[in-house]
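Okay, so here's the structure we're looking at.
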Amino acid sequence: MDYCPLSHWINQNVLYRKVSECIFIVCLGSTTSTCLLFVFPGLFYLKLSFEDFLSRQKLGACGLLVLGICIGACSLTLITVNWAYNE
1 MDYCPLSHWI NQNVLYRKVS ECIFIVCLGS TTSTCLLFVF PGLFYLKLSF EDFLSRQKLG
61 ACGLLVLGIC IGACSLTLIT VNWAYNE
């Protein structure tokens with residue numbers, strides 16, 4: 001197997017650190033994934049479509065946006081509570 005400097009850097013700087021130093025990476029990953037899956041598609045559809053706001057598609061996009069914000073807030077809350085009580 002070949003030596004990969006990026007893999008070595010990740011192992012040394014991320015995987016072997018204390019949990020308190022990795023909480024930033026966990027929060028970054030959870031918010032990024034929530035935005036990519038829920039928030040951005042709904043937001044971009046609302047921004048780029050020219051139809052009436054009360055159409056079925058735009059209401060679905062608004063629902064997706066609100067759901068994404070709720071899931072992101074719940075995710076960050078659970079991560080923070082889990083981190084705080086496991087210290």
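Heads up: the sequence shown runs through residues 1 to 87, numbered per full-length UniProt numbering.
Cβ coordinates follow ideal geometry from the N, Cα and C atoms, glycine included.
The model shown is predicted, which means the values in this text are computed figures rather than measured ones.
- By alpha-carbon distance to C35, the top candidate from L64, V81, A84 and T80 is L64.
- Residue environment for A84: exposed (fewer than 16 other C-beta atoms within 10 angstroms of its C-beta).
- In the structure shown, S55 adopts coil according to DSSP, grouped into three states.
- Counting along the chain, F40 sits inside the alpha helix (DSSP H) bounded by residues F40 to L48.
- DSSP, reduced to helix, strand and coil, places N82 within a helical segment of the structure shown.
- The residue among F53, R56, L46 and G72 with its C-alpha nearest the C-alpha of S33 is G72.
- Rounded to the nearest angstrom, the gap between the Cα atoms of T31 and L46 is 20 Å.
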